[in-house]
Ligand SMILES: Cc1cc2nc3c(=O)[nH]c(=O)nc-3n(C[C@H](O)[C@H](O)[C@H](O)COP(=O)(O)O)c2cc1C
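Residue numbers (the numbering used here): 2 to 279.
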């Protein structure tokens with residue numbers, strides 16, 4: 002890829018959009034979009050949500066004072082709400098020019114947005130100040146998710162169901178789900194599909210390789226027997242072709258680990274990764 006240098010003023014940071022819900026001093030609630038949101042892990046169960054805020058906004062003051070907040074993931078339908086909440090500061094008055102449903106958290110006493118498909122209830126663990134900004138590292142005390150979402154494990158969250166707004170100076174939406182870790186690792190072809198499919202493909206390629214080899218050997222023998230050089234050359238080319246085909250199609254390599262088979266003898270199992278291949 003050919004690249005060009007640009008000034009470091011450009012901010013390309015792919016950010017998830019969250020609306021942060023906090024409690025005001027008088028018990029009322031306040032919501033504001035914050036997209037400087039990430040996560041980190043300090044061991045044990047769960048991970049820390051990391052959110053960063055600049056300036057003197059009410060949301061920052063509230064989080065500082067109470068140490069708790071909700072982080073409400075913004076989906077495409079919530080975009081008008083996020084746009085509104087982000088363009089009005091709490092200092093300019095109550096953010097009630099448009100209607101939105103608010104509930105309370107299930108574990109922490111924080112305001113949550115009814116329309117959000119994924120809500121974190123968070124408690125600040127520690128903060129780090131850098132210039133005009135502050136970054137909060139927060140324990141996630143509870144997560145509420147859209148009932149339509151099914152997650153088999155920690156990483157099995159289908160973002161296409163959540164339809165989040167992605168912010169990077171402009172609002173974007175997600176494309177499709179592409180797969181999981183390992184699906185694109187060429188050497189671990191088995192991860193991408195069913196084990197039987199992988200072995201079937203491997204055995205088919207080996208059969209083709211042996212057919213080409215057999216044709217090459219037969220032609221070579223006929224060429225030598227009849228002393229016709231052209232037939233002998235065709236035979237030798239056939240033998241070479243079977244070798245190249247075997248190497249480049251994967252017929253000579255273990256379908257699981259990708260190692261070239263037969264360097265230390267054949268068997269039912271790959272001599273490198275130990276998986277059954279024949
Ligand atoms: C899409 C979007 C993303 C934003 N992300 C952040 C952010 O990550 N950090 C921040 O300090 N302010 C961010 N803001 C600005 C605040 O949301 C904005 O200043 C808001 O009015 C503050 O409201 P408050 O005074 O009620 O806290 C963002 C605004 C928008 C529209």
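Glycine residues also receive a C-beta, built at the ideal position from the N, C-alpha and C atoms. For clarity, every value in this text was computed on a predicted model and none was experimentally measured.
Asked, Found
"Considering just the uninterrupted stretch of the alpha helix (DSSP H) at residue 253, what are its terminal residues?", "Per DSSP, residue 253 belongs to no alpha helix (DSSP H) and is neither H nor E."
"Verify whether the separation of the beta carbon atoms of residue 80 and residue 168 is less than 8 angstroms.", "no"
"By Cβ distance below 7 angstroms, which residues in the same chain neighbour residue 265 in space, the five residues on each side in sequence not counted?", "The pLDDT assigned to residue 265 is 47, lower than 50, so where the model puts this residue is not dependable, and the model offers no usable value."
"Give a yes or no on contact between the stretch 141-151 and the stretch 114-124, applying the rule of three or more CB pairs nearer than 8 angstroms.", "yes"
"What do you reckon, is the C-beta of residue 60 under 7 angstroms from a heavy atom of ligand 1?", "yes"
"Are there any heavy atoms of ligand 1 lying less than 7 angstroms away from the beta-carbon of residue 83, as far as the coordinates show?", "yes"
"Check whether the Cβ of residue 13 lies closer than 7 angstroms to any heavy atom of ligand 1, and answer yes or no.", "no"
"At the level of alpha carbons, what is the spacing between residue 78 and residue 178?", "20 angstroms"
"Got a sec? Which residues, its chain only, sit under 6 angstroms from residue 38 by beta carbon, not counting five neighbours each side?", "17, 19, 52"
"Just tell me which of 137, 64, 165 has its CA closest to the CA of residue 175.", "165"
"Could you spell out the range, first to last residue, of the alpha helix (DSSP H) harbouring residue 203?", "196-227"
"Pairing CB atoms from the stretch 97-112 with CB atoms from the stretch 52-61, are three or more of them under 8 angstroms?", "no"
"In angstroms, rounded to a whole number, what distance separates the CA positions of residue 84 and residue 32?", "12 angstroms"
"Could you give the residue range of the beta strand (DSSP E) that holds residue 145?", "134-146"
"Tell me the DSSP secondary structure of residue 30 in three-state form.", "strand"
"Inspect the beta-carbon positions of residue 124 and residue 68 and report whether they are closer than 8 angstroms.", "yes"
"Once the 5 residues before and after residue 279 are set aside, which same chain residues still bring their CB inside 6 angstroms of it?", "269"
"Quick one: residues in its chain with C-beta nearer than 6 angstroms to the C-beta of residue 102, no 5 flanking neighbours on either side, listed in chain order?", "115"
"Report yes or no: do three or more beta-carbon pairs, one from the stretch 84-94 and one from the stretch 127-134, lie closer than 8 angstroms?", "no"
"Tell me whether the beta-carbon of residue 239 lies closer than 8 angstroms to the beta-carbon of residue 216.", "yes"
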